[in-house]
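Peer 1: My questions all concern the structure below.
Number of protein chains: 2
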Amino acid sequence: MAQEVVLGIDIGGTFTKIGLVDQSGEIHFEDEISTRGYETIEEYIAALHAHVMKSLDSLETTFLLLGIGVGAPNGNYYEGTIEHAPNLAWKGKIEFVKLMEHQFHLPVVVTNDANAAALGEMLFGDAKDLKNFVMITLGTGLGSGLVVNGDVVYGHDGFAGDLGHVLVYDHGRQCGCGKKGCLEAYVSATGIKRTAYELLAESNEDSEVRKIPFSKLKPKMLTAMAEKGDPVAIKAFDRTGYLLGRALADTVAHISPARIFLFGGLAKAGKWIIDPSKRSMEDHLMTIYQNKIDIVPSALLSKNIAVLGAAALIWKKLNSQ
Amino acid sequence: MAQEVVLGIDIGGTFTKIGLVDQSGEIHFEDEISTRGYETIEEYIAALHAHVMKSLDSLETTFLLLGIGVGAPNGNYYEGTIEHAPNLAWKGKIEFVKLMEHQFHLPVVVTNDANAAALGEMLFGDAKDLKNFVMITLGTGLGSGLVVNGDVVYGHDGFAGDLGHVLVYDHGRQCGCGKKGCLEAYVSATGIKRTAYELLAESNEDSEVRKIPFSKLKPKMLTAMAEKGDPVAIKAFDRTGYLLGRALADTVAHISPARIFLFGGLAKAGKWIIDPSKRSMEDHLMTIYQNKIDIVPSALLSKNIAVLGAAALIWKKLNSQ
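Chains as they are written, first to last, in the numbering used here: chain Z, 66 to 386; chain L, 66 to 386.
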């Protein structure tokens, strides 16, 4: 029997991940192609199309493709565009949905990766019963998807939910966005690295971090060091969690979510990042919000949430028609 | 002919304002009673009821009362309660809607005053065409109502939208809520006063503020001084606007509103507060949000927005049935 699926696509700076996802969230097939090496967006989409069609032909099961969901940096749900994405080769405002529909002849929806992750958690993860929650993705940067009254918040222009760029310190660290003092410059894979080296400068404490060049340090190495009691690694998590919790308290004051999910490499540090975040959030919350809101790892932490989320996006659209 | 109206009620710490409001937002009758002097909430509600009935009987027009909307500090839309309101005599969690419906035998809805103001702007003001906007009320404190996808954001527990208590400075000024460094300790009628006296301490500049005791200074006096070029008054507005704009940039990163409305005594300062807020907001926004979002005074600035907003709340509910 033929299996109905959608195509979930996660466009990253280096790789584009794809997956065939059924309505229950099962990934029947996954693969990736390079995002780089195409001069124009049209060439990239043609290559993506060819790859998907070849894969579909080669699979034993007959898959019926109902639509395509895409998570992409600066993906705009309303406009169907990808706008000024810092990590992609194609500059300006790309009419992505239009080009994709022209190539695939299927309904296509796009949003940013963190919004897709929030939808993934809502359809296939631990947010199935939640109408108000927050998804924080801790990758190279910090992304966020906000869900209010059961819907992802896109805002007036489709760009809502960009908590990576709320301010934590006036005149603080230089951020990739051009501003200074943004949350993502402190709380992200690169943010915690910067903090670890800041700590090396501040104290004379012995630490494994002193033996590793900045360019080689990864969050999972800090987790391993923290497990062994490395004081710099532990303090780096504490300081990172302090700022994440402080920022999340402000987010709670905005939308009062039932739960906050963490996803991404840094979220895999588990208690090392979650405990100080939770402590700091509670310390910064008003009484009426205290002791109600959990910070938890995403249920999809070990899965490809970006592909699942992109698939959730199009499933949600197909089911609401 | 009889005129259909709802009763809008704005419960303040000192006075309770009431108004009979038709569906177009016209206030046909307004009045106030004291909020103080009643030992129990039941006595207060009985007095309120008696006053409304007497007023209705005394009016020439026959008014048909369809429902009651209430704006109250810490009013919880979901629960129909007023919970731990700092300015009211009745402590704990009050089953306000239940008690009101028992007394009036009419449908009653409650929310906090800033959410009511947002609804007032949406039904009767300049937000009629807007699905995503922010209302900031600058009174003794700072309240906020957030509108996303055409609905006020109540959040998981009914307490969303409390921007008065987002953090502006770690270990900053003591706030009335018990925390330190909250926005409302800087941006509000009392916040700008504190800033004005901080400025007196910082510099030796001549200023009218030096002649006025703290307890007597009002925002409108600062506006009058600013108009005459008083450097301390102007700097107090600049510093207040700087922090408001900085906080609003973070709010934009959360929900990306089309417009931001200001209401309340401090909002009447007009350009003195709006211009520095706008400058600072733009300076703190990411490029994708810049030059799209206006900060404007509420269209209802000279009217009783709290009563109109409370009326809007119940009109919205009646019309959605």
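A virtual CB, placed ideally from N, CA and C, is assigned to each residue, including glycine.
Do the CB positions of residue 254(Z) and residue 209(Z) come within less than 8 angstroms of each other?
Peer 2: no
Peer 1: Check whether the Cβ atoms of residue 297(L) and residue 92(L) lie closer than 8 angstroms to each other.
Peer 2: no
Peer 1: So who's on the other strand from residue 362(Z), going by DSSP bridges?
Peer 2: Residue pairing by DSSP places residue 362(Z) opposite 327(Z) in a beta bridge.
Peer 1: Within 8 angstroms, do at least three Cβ pairs link the region 215-228 of chain L to the region 138-152 of chain L?
Peer 2: yes
Peer 1: Mind checking the region 211-228 of chain Z against chain L and listing, in chain order, the residues whose C-beta falls within less than 9 angstroms of any C-beta there?
Peer 2: Those would be 211, 213, 214, 216, 218, 219, 220, 221, 222, 223, 224, 225, 226, 227, 228, in chain order.
Peer 1: So, is residue 356(L) buried or exposed, given that buried needs 16 or more other C-beta atoms within 10 angstroms?
Peer 2: exposed
Peer 1: Spatial neighbours of residue 238(Z) within its chain, please: C-beta separation below 7 angstroms, excluding the five flanking residues on both sides.
Peer 2: 245, 246, 250, 251, 259, listed in sequence order.
Peer 1: From the DSSP output, in three-state form, read off residue 175(Z) for me.
Peer 2: strand
Peer 1: Taking the beta strand (DSSP E) that residue 288(Z) belongs to, which residues open and close that run?
Peer 2: Premise fails: residue 288(Z) lies in the alpha helix (DSSP H), 284-292, not in any beta strand (DSSP E).
Peer 1: Do you know how far the Cα of residue 189(L) is from the Cα of residue 169(L)?
Peer 2: 26 angstroms
Peer 1: Quick check on DSSP: helix, strand or coil for residue 200(Z)?
Peer 2: strand
Peer 1: Are the CB atoms of residue 199(L) and residue 322(L) within a distance shorter than 8 angstroms?
Peer 2: yes
Peer 1: Per DSSP, what are the beta-bridge partners of residue 107(L) in this structure?
Peer 2: DSSP lists no partner for residue 107(L).
Peer 1: Does the CB of residue 357(L) have a neighbour CB from chain Z at under 8 angstroms?
Peer 2: yes
Peer 1: For residue 67(L), collect the residues of the same chain with a Cβ closer than 6 angstroms to its Cβ; drop the 5 residues on either side in sequence, then sort them by chain order.
Peer 2: 127, 129
Peer 1: Compute the Euclidean distance between the alpha carbons of residue 192(Z) and residue 203(Z), then round it to the nearest angstrom.
Peer 2: 18 angstroms
Peer 1: Between residue 299(Z) and chain L, is there a C-beta pair that is closer than 8 angstroms?
Peer 2: no
Peer 1: Which residue comes first and which comes last in the alpha helix (DSSP H) that contains residue 96(L)?
Peer 2: Here residue 96(L) belongs to no alpha helix (DSSP H); instead the beta strand (DSSP E) covers 92-99.
Peer 1: Assuming residue 315(L) contacts residue 341(L) (C-beta within less than 8 angstroms), just tell me the rounded distance between them.
Peer 2: About 17 angstroms separates the two Cβ atoms, so there is no contact after all.
Peer 1: I want to verify the contact list: residues of chain L whose CB lies under 8 angstroms from the CB of residue 148(Z), in sequence order.
Peer 2: Within 8 angstroms Cβ-Cβ: 353.
Peer 1: Quick check: the Cα distance between residue 98(L) and residue 205(L), rounded to an integer number of angstroms?
Peer 2: 20 angstroms
Peer 1: Does the Cβ-Cβ distance between residue 174(L) and residue 378(L) come in under 8 angstroms?
Peer 2: yes
Peer 1: Can you give me the Cβ contacts of residue 159(L) inside the same chain, cut-off strictly under 7 angstroms, excluding the 5 residues immediately before and after it?
Peer 2: 106, 146, 147
Peer 1: Determine whether the Cβ of residue 178(L) lies closer than 8 angstroms to any Cβ atom of chain Z.
Peer 2: no
Peer 1: What are the start and end residues of the beta strand (DSSP E) that includes residue 381(L)?
Peer 2: From DSSP, residue 381(L) is part of no beta strand (DSSP E) but of the alpha helix (DSSP H) over 370-384.
Peer 1: Under 8 angstroms between the Cβ atoms of residue 327(Z) and residue 277(Z)?
Peer 2: For residue 327(Z) and residue 277(Z), no; Cβs fall outside 8 angstroms.
Peer 1: Rounded to a whole number of angstroms, what is the C-alpha to C-alpha distance between residue 441(L) and residue 125(L)?
Peer 2: No answer is possible for residue 441(L): it lies beyond the span of chain L, which begins at 66 and ends at 386.
Peer 1: Terminal residues of the continuous alpha helix (DSSP H) containing residue 75(Z)?
Peer 2: Taken as a continuous stretch (DSSP letters only), residue 75(Z) belongs to no alpha helix (DSSP H), being part of the beta strand (DSSP E) at 68-76.
Peer 1: Give me the residue from 94(L), 71(L), 163(L) with the minimum Cα distance to residue 110(L).
Peer 2: Here the closest residue by C-alpha is 163(L).
Peer 1: Are the beta-carbon atoms belonging to residue 265(Z) and residue 272(Z) less than 8 angstroms from one another?
Peer 2: yes
Peer 1: Going by CA-CA distance only, name the one from 330(Z), 268(Z), 225(Z) that's closest to residue 317(L).
Peer 2: 225(Z)
Peer 1: For the region 292-326 of chain Z, list every residue whose C-beta sits within 9 angstroms of some C-beta in chain L, in sequence order.
Peer 2: Hits within the stretch, in order: 311, 312, 314, 315, 316, 317, 318, 319, 320, 321, 322, 323, 324.
Peer 1: In chain Z, which residues lie with their C-beta within 7 angstroms of the C-beta of residue 231(L)?
Peer 2: Those are 315, 318, listed as they occur along chain Z.
Peer 1: Which residue from 292(Z), 290(Z), 306(Z), 358(Z) puts its Cα closest to that of residue 248(Z)?
Peer 2: Checked all of 292(Z), 290(Z), 306(Z), 358(Z); the closest Cα to residue 248(Z) is 306(Z).
Peer 1: Could you give the distance in angstroms between the alpha-carbon of residue 229(L) and the alpha-carbon of residue 134(L)?
Peer 2: 23 angstroms
Peer 1: Around the Cβ of residue 26(Z), are there at least 16 other Cβ atoms within 10 angstroms (buried) or fewer (exposed)?
Peer 2: Since the first residue shown for chain Z is 66 and the last is 386, residue 26(Z) is missing from the structure and cannot be characterised.
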